[in-house]
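Undergrad:
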Amino acid sequence: MDTASKIAILADAAKYDASCSTSGSARANTPGGLGNGAVGGICHSWSADGRCVALLKVLLSNACAWDCAYCVNRRSNDLPRAGFEPEELVRLIVDFYKRNYIEGAFLSSGVLGCPDATMERLISVARTLRTRERFNGYLHLKAIPGASDELVAEAARWADRVSVNIELPSAASLAAVAPDKTAASIFRPMRALARAGGFEPRRLIGAQPGGALAGDVPTNAIAVHPSTRAVLPFPAMDSASPVVREPAPAYDACPSAPAPSVRRGTSVMDARKGRDRDPSAPVLPAGQTTQMVIGASPESDLAILGLAENLYLAYDVRRVYYSAFIPASADPRIPATVREAGPPLLREHRLYQADWLFRFYGYSASEILDPLRPDLDMELDPKCAWALRHLEFFPVDVNTAEYRDILRVPGIGPRSASRILRARRSARLKPEQLKGMGVVMKRARWFLSCSGTLPGSDDSTRRLSRPDNPEALRGLLLDSAPAALAPLQREFDWSPA
Ligand code: SF4
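Per numbering that gives the first Met the number 0: the sequence shown = residues 0 to 496.
Structure, rendered in structure tokens:
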């Protein structure tokens with residue numbers, strides 16, 4: 000098979016992995032035009048300084064010894080197989096780089112025999128590029144679940160970023176649709192990557208020292224009040240408390256070695272403030288990332304976000320990517336209803352919004368969702384949904400409130416909150432100045448005040464013009480995401496193959 004045919008197969012096979020950012024563009028070239036927004040195998044990632052970087056996104060091989068139901072490359076799927084020799088892939092990357100097609104590469108692979116053998120081939124490509132070819136471009140390698148700690152650390156030595164995909168949000172789902180993977184085979188390389196990046200991994204919240212899995216052990220369950228069903232605070236979770244114990248929603252797999260646990264209530268934003276990262280560090284400067292497939296298994300958004308928060312805090316994961324399940328080929332282990340529903344794009348979008356709230360707004364997963372309301376509102380962004388449930392928190396006075404309280408106002412982001420703090424040092428702010436600072440007044444006006452003056456209110460009475468009825472206010476806060484994503488959803492032809 001010639002190189003072009005291999006690229007066509009192996010770049011196409013890599014496109015379902017979202018753990019390196021892609022542009023999402025689908026624009027075709029026009030007659031006489033230059034360029035193509037959907038060139039197979041070229042994806043776009045963003046560097047720390049915001050530059051867009053073109054990456055060759057390709058598999059070393061799409062032959063796989065494993066059989067994950069959600070994956071197009073699984074052993075039982077009948078499709079053309081191809082593979083590169085490491086040297087062939089090195090030449091390809093160097094050629095593409097010299098022609099200015101790419102600035103780096105994202106390399107993954109199906110499991111060739113066993114995880115360590117596959118890892119060694121991927122490392123061989125990276126090591127040859129860095130040493131013999133003196134390649135300084137961006138390299139993102141995939142760590143294979145079950146690979147040894149030594150090989151994962153070796154991969155971290157040559158790559159800017161390494162990712163291990165967690166794929167399913169619970170051990171039970173992993174066993175059902177990815178029988179060759181175990182929680183331990185995924186978490187172990189994650190811990191090795193955290194250490195390689197200079198971070199001592201912690202135990203996941205709810206983890207049992209013996210490495211028990213979700214659903215096996217009732218003591219790691221969520222404590223719920225028997226009549227109100229309210230989630231009880233952590234101290235109530237001892238055996239003497241009058242609580243109903245419900246199964247923990249996600250993984251409880253953990254290292255058997257003792258490690259300090261993630262502290263409850265810690266926000267990802269706060270935890271990261273104390274973490275110095277060096278973008279020019281010799282080992283793993285871009286850290287580790289992971290991906291979860293959304294919609295292929297029955298877990299709630301609470302389970303997904305709880306796990307994501309855990310991964311940020313326990314393993315110093317730089318980004319969790321959420322990938323709407325694409326039923327590219329039928330497998331009986333994925334229910335027909337799931338396959339026919341198509342990819343849950345809106346749900347994926349809401350999960351990204353909630354994830355953003357962890358990393359940049361100081362929210363915790365338990366503030367966004369709880370067992371009584373385990374799924375995100377598809378009509379509202381999660382920040383507006385939180386604000387509607389906590390109207391007692393508002394209005395926030397932008398002339399006196401702390402930064403993190405200002406951040407809770409819908410329509411105000413980190414940049415506009417910082418501008419507000421800077422501007423109010425010299426003068427008291429008035430509502431009409433806020434729009435110029437980037438505040439989206441359409442949403443923010445219902446939740447803020449300026450030294451007691453409410454935007455759009457009658458200055459003489461200073462009475463809030465906000466609708467008394469939360470449902471009416473909700474109607475004013477609906478965003479355009481459902482309408483914007485609907486045509487995209489319809490564009491796919493999801494009839495199972
Ligand atoms: S290990 Fe599973 S997810 Fe990875 S390529 Fe093989 S079948 Fe696909």
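By construction, the Cβ of each residue, glycine as well, lies at the ideal position given by its N, Cα and C atoms. Quick caveat: nothing in here was measured; it's all calculated off a predicted structure.
Whose CA, out of P297, V316, I293, lies closest to the CA of R274?
TA: The shortest Cα separation from R274 among P297, V316, I293 belongs to V316.
Undergrad: From A155 to S60, what distance separates their C-alpha atoms?
TA: Distance between the alpha carbons of A155 and S60 is about 21 Å.
Undergrad: Within a Cβ cutoff of 8 Å, which residues of the same chain sit near D179, ignoring the five residues on either side of it in sequence?
TA: Counting only Cβ-Cβ distances below 8 Å, and skipping sequence neighbours, we find A64, W65, D66, C67, V110.
Undergrad: Since A416 and L406 are thought to touch, with beta carbons under 8 Å apart, how far apart are those beta carbons, to the nearest angstrom?
TA: Contact flag correct, Cβ pair sits at about 5 Å.
Undergrad: Where in the segment 121-168 do unbroken runs of the alpha helix (DSSP H), each at least 4 residues long, occur, reported from the N-terminal end onward?
TA: Qualifying alpha helix (DSSP H) stretches, in chain order: 148-157.
Undergrad: When you compare only the Cα positions, how much space is there between T288 and P188?
TA: Using only the alpha carbons, I get a separation of about 12 Å.
Undergrad: Say the cut is 6 Å; is the CB of P72 nearer than that to a heavy atom of ligand 1?
TA: The amino acid occupying residue 72 in the given sequence is Asn; Pro does not appear at that position. The answer is yes for N72.
Undergrad: Where V57 and A12 are concerned, what is the direct C-alpha to C-alpha distance, given to the nearest angstrom?
TA: Each residue's Cα considered, the two are about 8 Å apart.
Undergrad: Going by DSSP, which residues form a beta bridge with L447?
TA: BP columns for L447 point to V395.
Undergrad: Could you check if W157 belongs to the surroundings of ligand 1, using beta carbon to heavy atom distance under 6 Å?
TA: Answer for W157: no, Cβ out of range of ligand 1.
Undergrad: Mind listing, in chain order, the continuous alpha helix (DSSP H) runs of no fewer than 4 residues lying wholly within the segment 299-372?
TA: For the segment 299-372, whole alpha helix (DSSP H) runs of length 4 or above, ordered along the chain, are 300-314, 335-340, 344-360, 364-367.
Undergrad: Quick check: A142 and V163, are their CB atoms within less than 7 Å of each other?
TA: Yes, the pair counts as a contact, with Cβ atoms nearer than the cut-off.
Undergrad: Determine the contact status of R497 and L375, defining contact as a CB-CB distance below 7 Å.
TA: An answer regarding residue 497 cannot be provided, because it is not within the stretch 0 to 496 covered by the chain.
Undergrad: By a C-beta neighbour count over all protein chains shown, 10 Å radius and 16 as the cutoff for buried, is F83 buried or exposed?
TA: F83 should be labelled buried.
Undergrad: When DSSP builds the beta bridges, which residues end up paired with F105?
TA: In the DSSP output, where bridge partners are listed per residue, F105 has K56, H139.
Undergrad: With a threshold of 7 Å on Cβ separation, who are the neighbours of R418 within its own chain once the five nearest residues in sequence on each side are excluded?
TA: Closer than 7 Å at Cβ, skipping near neighbours: M436, G437.
Undergrad: Give the straight-line distance between the Cα atoms of P79 and D1, rounded to the nearest whole angstrom.
TA: Whole-angstrom Cα-Cα distance: 14 Å.
Undergrad: Just to confirm the assignment, what range does the beta strand (DSSP E) spanning T288 have?
TA: 287-293 is the extent of the beta strand (DSSP E) around T288.
Undergrad: Could you tell me the distance, in whole angstroms, from the CA atom of L301 to the CA atom of W385?
TA: Between L301 and W385, the C-alpha separation is close to 14 Å.
Undergrad: Mind the definition here: the segment 340-355 touches the segment 269-286 only if three or more C-beta pairs lie below 8 Å; say whether that holds.
TA: The answer is no - the segment 269-286 does not touch the segment 340-355, with fewer than three Cβ pairs under 8 Å.
Undergrad: Is DSSP giving L2 helix, strand or coil here?
TA: Per the sequence shown, the amino acid found at residue 2 is Thr instead of Leu. Here T2 sits in helix by DSSP.
Undergrad: Less than 6 Å between the CB of G455 and some heavy atom of ligand 1, yes or no?
TA: Every heavy atom of ligand 1 is 6 Å or more from the Cβ of G455, so no.
Undergrad: Tell me the residue span of the alpha helix (DSSP H) that contains F83.
TA: Run containing F83: none; DSSP gives neither H nor E here.
Undergrad: Within the present structure, is the beta-carbon of W445 separated from the nearest heavy atom of ligand 1 by less than 6 Å?
TA: For ligand 1, not one heavy atom lies less than 6 Å from the Cβ of W445.
Undergrad: Report whether the distance from the Cβ of W65 to the nearest heavy atom of ligand 1 is below 6 Å.
TA: Checking the Cβ of W65 against ligand 1 gives yes.
Undergrad: Hey, how far is the Cα of P114 from the Cα of Y137?
TA: In a straight line, the C-alpha of P114 is about 23 Å away from that of Y137.
Undergrad: With a cut-off of 8 Å on the beta carbons, I'd call R129 and W157 a contact; round off their distance for me.
TA: With a Cβ gap of about 5 Å, R129 and W157 count as contacting.
Undergrad: Taking the alpha carbon of V282 as the reference point, which residue from A193, A400, G341, V267 has its own alpha carbon closest?
TA: Cα-wise, what sits closest to V282 is A193.
Undergrad: Give every residue of the same chain whose Cβ lies closer than 6 Å to the Cβ of F393, excluding the five residues on either side of it in the sequence, and list them in chain order.
TA: Cβ neighbours of F393 beyond the five flanking positions: F446.
Undergrad: Using only alpha-carbon positions, find the residue among K382, L379, V408, A53 that is nearest to R444.
TA: Closest by alpha carbon: V408.
Undergrad: Cβ of S266 within 7 Å of Cβ of G361?
TA: Yes; because the gap between Cβ atoms is below 7 Å, this pair is in contact.
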